[in-house]
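Colleague:
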Amino acid sequence: MTDDDPLPPGPAALDDRHAPIYSIGQVAGLLDVQQAFLRRIEEQHLLSPGRSEGGQRRYSRFDIGRARHVADMADEGMTLPSIRRIIELEHELAEITRERDELAARLRALHARHPAEQLDRPGRPT
DNA sequence: TTTCTCACA
DNA sequence: TGTGAGCA
6 MTDDDPLPPG PAALDDRHAP IYSIGQVAGL LDVQQAFLRR IEEQHLLSPG
56 RSEGGQRRYS RFDIGRARHV ADMADEGMTL PSIRRIIELE HELAEITRER
106 DELAARLRAL HARHPAEQLD RPGRPT
């Protein structure tokens, strides 16, 4: 199971990474954390597990991956608000990296179409 | 039995 | 962050 995944829940079956099927007890056992810890992760808006019809939390494999990520950072002594900020910044960095790669690809395409022009060097005033 | 919320250490 | 109470 990989860690993070920016993809939204898709129209998929039981093995979907976003299928909310695991109880809090199962996840706590899997990650070796307290159930209360998983509830606090949710209170701090670091995770949003689904709910069963009876109101019980239901975690997907995506949720479990993120919970493990949070638990690892908490083990290193970070507070939940700090971890939330880090995750926000991780998402921002991923977005900026994606934009950078996209711009780089467009620039390469431009150079391929106009090889004679030096598009990346604004001329020096003479 | 398991999970829920809430309160306290 | 962990634990326990009381409830469903």
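Just so we're aligned: the first sequence equals residues 6 to 131 in the numbering used here.
Idealized CB from N, CA, C, for every residue including glycine.
Which residues in the same chain as residue 35 place their Cβ atom closer than 7 Å to its Cβ, once the five residues preceding and following it in sequence are excluded?
Modeller: Locating residue 35 in the first sequence gives position 30, where the first residue counts as 1. 69.
Colleague: In this structure, how does DSSP classify residue 60 when only helix, strand and coil are distinguished?
Modeller: Indexing the first sequence from 1 puts residue 60 at position 55. Coil, per DSSP.
Colleague: Let me confirm a value: residue 33 is counted as buried when at least 16 other C-beta atoms fall within 10 Å, else exposed. Which label applies?
Modeller: Taking the first sequence and counting its residues from 1, one reaches residue 33 at position 28. Looking at its Cβ environment, which holds 16 or more other Cβ atoms inside 10 Å, residue 33 is buried.
Colleague: Does residue 30 come out as helix, strand or coil in the three-state DSSP assignment?
Modeller: Your numbering for residue 30 matches position 25 in the first sequence. Three-state DSSP puts residue 30 in a helix.
Colleague: Check whether the region 34 to 50 and the region 72 to 84 touch, using three or more Cβ-Cβ pairs below 8 Å as the test.
Modeller: They touch, by the three-pair rule.
Colleague: How should residue 112 be labelled, buried or exposed, when 16 other C-beta atoms within 10 angstroms of its C-beta is the threshold for buried?
Modeller: Residue 112 sits at position 107 when you count from the first residue of the first sequence. Residue 112 is exposed by the Cβ-count criterion.
Colleague: With a CB to CB cut of under 7 Å and the five nearest residues on each side skipped, what residues in its chain are close to residue 109?
Modeller: Along the first sequence, read from residue 1 onward, the residue named residue 109 stands at position 104. Here the set comprises nothing.
Colleague: So the alpha helix (DSSP H) residue 77 belongs to, where does it begin and stop?
Modeller: Here residue 77 is taken as the residue at index 72 of the first sequence, counted from 1. First-last of the alpha helix (DSSP H) with residue 77: 66 to 80.
Colleague: State the Cα-Cα distance for the pair residue 140 and residue 116, rounded to the nearest angstrom.
Modeller: Limits of the chain in this structure are 6 at one end and 131 at the other, which puts residue 140 out of reach.
Colleague: Inspect the beta-carbon positions of residue 3 and residue 62 and report whether they are closer than 8 Å.
Modeller: Because the chain in this structure spans residues 6 to 131, residue 3 falls outside the shown range and cannot be described.
Colleague: Count the other CB atoms within 10 Å of the CB of residue 87; is the residue buried (16 or more) or exposed (fewer)?
Modeller: Sequence index remark: in the first sequence, residue 87 carries index 82 (1-based). So residue 87 counts as exposed.
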